[in-house]
Amino acid sequence: MWQAATPGATCAAASRLRPEAVFTRAFGSSVRDAAVVCVPVTCTDAEESESGMGDIPLTGGCNCGSVRFEVAEPLVAASYCHCRRCQRRSGAAASPNAHPAPGTFRIVAGKDRLRSWKPGDGGEKWFCGDCGSSLFGFNPSHAEPIGIRMGTFDYDPGIRPSVRQFVADAAPWEPIPDDGLPRHAESRHHAG
Numbered sequence: 001m002w003q004a005a006t007p008g009a010t011c012a013a014a015s016r017l018r019p020e021a022v023f024t025r026a027f028g029s030s031v032r033d034a035a036v037v038c039v040p041v042t043c044t045d046a047e048e049s050e051s052g053m054g055d056i057p058l059t060g061g062c063n064c065g066s067v068r069f070e071v072a073e074p075l076v077a078a079s080y081c082h083c084r085r086c087q088r089r090s091g092a093a094a095s096p097n098a099h100p101a102p103g104t105f106r107i108v109a110g111k112d113r114l115r116s117w118k119p120g121d122g123g124e125k126w127f128c129g130d131c132g133s134s135l136f137g138f139n140p141s142h143a144e145p146i147g148i149r150m151g152t153f154d155y156d157p158g159i160r161p162s163v164r165q166f167v168a169d170a171a172p173w174e175p176i177p178d179d180g181l182p183r184h185a186e187s188r189h190h191a192g
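Numbering (my numbering), first residue to last: 1 to 192.
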């Protein structure tokens, strides 16, 4: 089980992991500069089975259950996006997205129910055509081209956002928390 954290941050959720899953993936100033930190953790069998943490494949889907997906390996990164498109798509101030390793994400049910919207200057936004649940985005120009909406996982996906992007577009009605995460005015993929 991998869990993203900023260097020096405490990981309260890690206290629920089994001893076999004691590594926390901590990112430096860049998602590409990963360092692994060992954190002692414990939990009971009942707590682990109830939370779903540590279960691979990770599973998820839409509200109505028409579309289901799975991720075959631990996620490699997670991020918050504060852009206006994500605000409108989610109805929230920011969108938390988890990024799987290439080739580990797949739709296991409801592929025919999926719909997408591709703006001229952005990545594809995929959603359930029945209930409208926003499920994932795809942008082949990004290092992690798939961004799974974190609220669509069945259980805790075991990773936490480690960076914020498009903070120049942040919603004025919800200030960005002082959480120490790196911030990018625009896309983190095009930062200089």
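All residues carry an ideal CB built from backbone N, CA and C; glycine is no exception. If you're wondering where the values come from, they're calculated on a predicted model, not measured in any experiment.
First and last residue of the uninterrupted beta strand (DSSP E) at residue i
i, result
"S133", "Premise fails: S133 is in no beta strand (DSSP E) and is neither H nor E."
"P193", "A query on residue 193 cannot be resolved here, the shown segment of the chain reaching from 1 to 192 and no further."
"S79", "A77 to C81"
"V67", "Neither: V67 is in no beta strand (DSSP E) and is coded neither H nor E."
"G147", "I146 to R149"
DSSP state of residue i mapped onto helix, strand, coil
i, result
"C86", "helix"
"R113", "helix"
"G28", "Unreliable positioning characterises G28 in this predicted model, as indicated by a pLDDT of 30, which lies under 50. The coordinate reading is nonetheless provided below. Coil at G28, not helix or strand."
"R188", "helix"
"V108", "strand"
Whole-angstrom C-beta distance between residue j and residue i, which should lie under 8 Å
i, j, result
"S95", "R89", "7 Å"
"S79", "P161", "5 Å"
"V163", "I107", "About 26 Å; that fails the 8 Å criterion."
Length of the line joining the Cα atoms of residue i and residue j
i, j, result
"F166", "H82", "5 Å"
"F105", "F69", "7 Å"
"C86", "R115", "17 Å"
"S134", "A98", "13 Å"
"G61", "Y155", "11 Å"
"F127", "G180", "31 Å"
"T59", "I159", "14 Å"
"A72", "A170", "33 Å"
"M150", "A92", "13 Å"
"A101", "A109", "20 Å"
"P57", "V76", "14 Å"
"G122", "G137", "10 Å"
"G147", "P140", "11 Å"
"K118", "K125", "6 Å"
Distance cut-off 6 Å: residue i Cβ against heavy atoms of the ligand FMN
i, result
"A168", "The model depicted lacks the ligand FMN and carries no ligand whatsoever."
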